[in-house]
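Residue numbers (UniProt numbering): 1 to 176.
Structure representation (structure tokens):
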């Protein structure tokens with residue numbers, strides 16, 4: 001029964017919490033503190049602070065932690081699944097619609113508009129990362145990291161996750 005409660009406690013905020021994690025926080029707080037009484041408001045605020053300190057989506061981190069506290073490892077999996085299920089379902093439905101109408105002129109026109117916009121956003125993000133690295137680490141460190149990463153990914157076909165992990169290790173050892 002506890003796993004059903006965990007699922008409901010995180011599924012409902014996932015459905016009606018339009019705007020992502022920050023919009024879902026009050027809804028999660030209501031479920032966890034007021035409805036089920038798994039935590040006090042003070043404990044919830046500490047979990048929220050911890051979730052904000054870690055990278056990644058806050059609602060899934062909180063769901064994993066609270067689910068683990070209430071129902072162990074299976075509770076954590078249940079909480080995270082319940083948090084991502086509404087978005088996952090909507091994405092699957094929209095993807096099916098997109099594939100169904102992929103030959104439509106309107107969908108093709110939409111793709112022609114969206115792809116350049118995504119490219120511009122990614123270019124802006126890359127520039128911001130480069131600028132931050134340049135001011136934090138200097139030109140040579142930034143250049144060496146960029147070139148080594150480019151070679152690892154493009155020439156030697158190393159998976160980007162390993163390159164990112166390696167960059168974290170190098171940064172922790174040499175650039176801190």
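We treat Cβ as the ideally placed atom computed from N, Cα and C, and that holds for glycine.
Practice task
From the DSSP output, in three-state form, read off residue 158 for me.
Solution key: Reduced to three states, the DSSP call for residue 158 is coil.
Exercise for the section: Could you confirm whether any beta carbon from chain D is found closer than 8 Å to the beta carbon of residue 85? Expected result: Protein chain content of the structure displayed is limited to a single chain, and chain D is not contained in it.
Handout entry: Burial state of residue 105, where buried means 16 or more other Cβ atoms lie within 10 Å
Key = Per the 10 Å Cβ criterion, exposed.
Practice task
Determine the burial state of residue 6: buried for a count of at least 16 other Cβ atoms within 10 Å of its Cβ, exposed for fewer.
Solution key: It counts as buried.
Practice task
Throw me the rounded Cβ distance for the residue 133 and residue 126 pair, which I believe falls under 8 Å.
Solution key: The C-beta distance from residue 133 to residue 126 rounds to 11 Å, too long to meet the 8 Å contact threshold.
Problem - Nearest neighbour of residue 1, chosen from 75, 91, 92 [CA to CA] - result: Among 75, 91, 92, the Cα nearest to that of residue 1 belongs to 75.
Practice task
Check whether the segment 147–160 touches the segment 111–130, taking contact to mean three or more Cβ pairs, one atom from each stretch, closer than 8 Å.
Solution key: At 8 Å Cβ cutoff, the stretches do not touch.
Practice task
Could you give the DSSP three-state label for residue 86: helix, strand or coil?
Solution key: Reduced to three states, the DSSP call for residue 86 is helix.
Exercise for the section: Give me the Cβ distance between residue 48 and residue 25, rounded to the nearest whole Å; I'm assuming they're in contact under 8 Å. Expected result: About 7 Å separates the beta carbons of residue 48 and residue 25, which is inside the 8 Å limit, making them a contact pair.
Practice task
Report the option in 50, 60, 99 whose CA atom is closest to the CA atom of residue 28.
Solution key: Looking at the Cα atoms, 60 is the closest of the given residues.
Practice task
Please name the residue, chosen from 55, 56, 62, that lies closest to residue 43 on a Cα-to-Cα basis.
Solution key: Of 55, 56, 62, the smallest CA-CA separation from residue 43 is found for 62.
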